[in-house]
Structure formats: structure tokens, C-alpha cells
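Visitor:
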Amino acid sequence: MPSHHSPLLQFYLEIKDCQKCALGKTRTNFVFGVGNEQADVMFVGEAPGRDEDLKGEPFVGRAGQLLNKLLSHIHLKRRDVYIANILKCRPPNNRDPLPEEVVQCIPYLKTQIEMI
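In the working numbering, the protein residues as written are 2 to 117.
Printed below as a string of C-alpha cells:
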């Protein structure tokens, strides 16, 4: 979750209850994004998986372990970068996002990118 009183926190509060598509009804957590809000580097995944949905944070499962290894190879830590997904809710059975889901979520990601 973004830090207190940041523009990202305000944006998160505006969109965290999104129900623009059916995924809003089946998610456990809205997976917004984490990391350095002034980062020069941003990693964007496709959509949250099971672990991310349960924790409410992107890249915490196997993909997160791989990302941590990659970051260490380029001498960065998670706190140095910002991490988000295109979709903020998990598709059932980890299926690929549907085009209409991407259309609904991509404006959120674009705003995050602009704010970072």
C-alpha cells in the first residue's frame, strides 16, 4: 500500500473497491502496487496470482522470488523499484486476462506510471 498522504495513496483509495468487471466480485484483495514511489525503474506484471491475491501485494509468489533474484543481479532491492500489475484482481484459475479486463484496468496502470 502507498505511504500516508501520497498521491498514490489517494489514487488507491479511489479505485480499491473497483467493480468494473467480474473479477472485482471474485478477488480476495485488490492488488494495487508496492515499492518506491519515486522509483526510476518499474516492473509490471500481467495479473496477480493466487499468492498475490491472498497477500494483496504483487510478485510475492514464485514470480516474486525470481524478481528478487533478478534485482539482486543488477544490484537493486525491491525498495528501489515500483512493482505493479496490469490487472489489479486475480483472474480465476490464473487464466490469461481477457481483453475487456485489460481495457478496464489499463487506465489505472497508466495513472500509476504517471505518478511514479
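A virtual CB, placed ideally from N, CA and C, is assigned to each residue, including glycine.
(1) Taking Cβ positions, are LEU83 and ILE117 nearer each other than 7 angstroms?
(2) By Cβ distance below 7 angstroms, which residues in the same chain neighbour VAL35 in space, the five residues on each side in sequence not counted?
(3) Check ALA64 in the structure and name its three-state DSSP category.
(4) Sort LYS89, LEU72 and GLU115 by Cα distance to PRO49 and report the nearest one.
(5) Pop quiz: ASP41 and ARG91 are said to be a contact at Cβ under 8 angstroms. What is the actual Cβ separation, rounded to whole angstroms?
Guide: In this structure, then:
(1) For the sequence presented, residue 83 should be read as Tyr rather than Leu. Yes, the Cβ-Cβ distance between TYR83 and ILE117 is below 7 angstroms.
(2) GLU58, PRO59 and ILE84
(3) helix
(4) LYS89
(5) That pair is no contact at about 28 angstroms.
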